[in-house]
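Numbers 91 to 306, taken from the numbering used here, label the letters of the sequence shown in order. A virtual CB, placed ideally from N, CA and C, is assigned to each residue, including glycine. One structure is given here, and the rest of the page talks about it.
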Amino acid sequence: MDPLHLCIAMGPVIAYLMLLGLINARRRPFLTTGARDLSALGIGVSGLVIAGPMELFMPELALNQFGAYVWLMMLALYGLCWTLLVLLVRPRLVIYNMTIKQLRPILSSVGSKLDPELRWAGDSLCLPTLHVQLHLETFTTLRCTQLVSSGPEQSCAGWRKLEIKLAEALKTTESTINPYAMSLIVLAVFMAVAVTFKMATNLELVQYQLREMLRL
C-alpha cells in the first residue's frame, strides 16, 4: 500500500488502539454507553472506509466538477449513516477493566437501591420498576463486561438512571491493570512509527498522491 493511503487507513486505527490501551491501563473501571463505544469504533474504522470503499466508489464526474468538496459530502454521508446505526442499536453499557464476577455484586447493590423488585436469573437482570431488562456479556481478553438490553420494551430514562448510579459506585472501585493494555499501547506506537517513517521517506510521492486524490 502506498504511504498516503496507509496513513489514512491506519491513522484512526492507531488512535483507537492507543485509546483502548490507555483505558485498560487504568486501575479503575471505565464505564461508557454503547452509543459512545460504537461511535469510537466508527471513528477507528473511518480511515479504512476512506482508503477503501469510499475512494473505490467515488463518483469521478462529481469529483472533477466539485473537487475536494466531494470528500466532505462523502464524509458527511458516512457520519450520518454511522449515527443512524448508533441510534438504532438497543441500550447498552460497557465497563472496561472489570469482569462479570467483580461487577455483579456492585450491580446488585446499585440495582436494589433503584428498584427493590430487582430479580436475577443467571446472568440476566430485571428491574421492573425502571422498565429495564438486561443480560451480562464479557470479552475476556480486554476484561470488558457489557450490560446488554434484553427485549424491545426498554426505558431510556431507566437506563440513564442505572448508568449514573453505576458510574458513581465504580468511582470508589479499584481494579488491577489489564496485562493486555501494554500490548495494545506498544502495537499502536509501533504502527505509528512505521507509518511515519514510510511517509517521511516518500514525501514527494505523498504530496503528489494527495493532489491527485483531492483533484488540486
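Taking 8 Å as the cut-off, the beta carbon of I267 is found closer than this to the beta carbon of R117. Closest by C-alpha distance to R305, out of I190, L128, G241, W161, is W161. By the 16-neighbour rule on beta-carbons within 10 angstroms, W210 is exposed.
Taking I98 as reference, the option from A290, L151, V285 with the minimal CA-CA separation is V285. R182 is positioned such that its CB atom lies closer than 8 Å to that of V238.
Contact annotation: Y270 and T231 have beta-carbon atoms nearer than 8 Å. Residue environment: G157 is assigned as exposed (fewer than 16 neighbouring CB atoms within 10 Å of its CB, all protein chains considered).
Secondary structure of L220 (DSSP, three-state): coil. Straight-line spacing of the CA atoms in L224 and L121 works out to 16 Å. Contact annotation: the stretch 185-200 does not touch the stretch 128-137, with fewer than three C-beta pairs closer than 8 Å. K255 sits away from L208, with the two beta carbons spaced by 8 Å or more.
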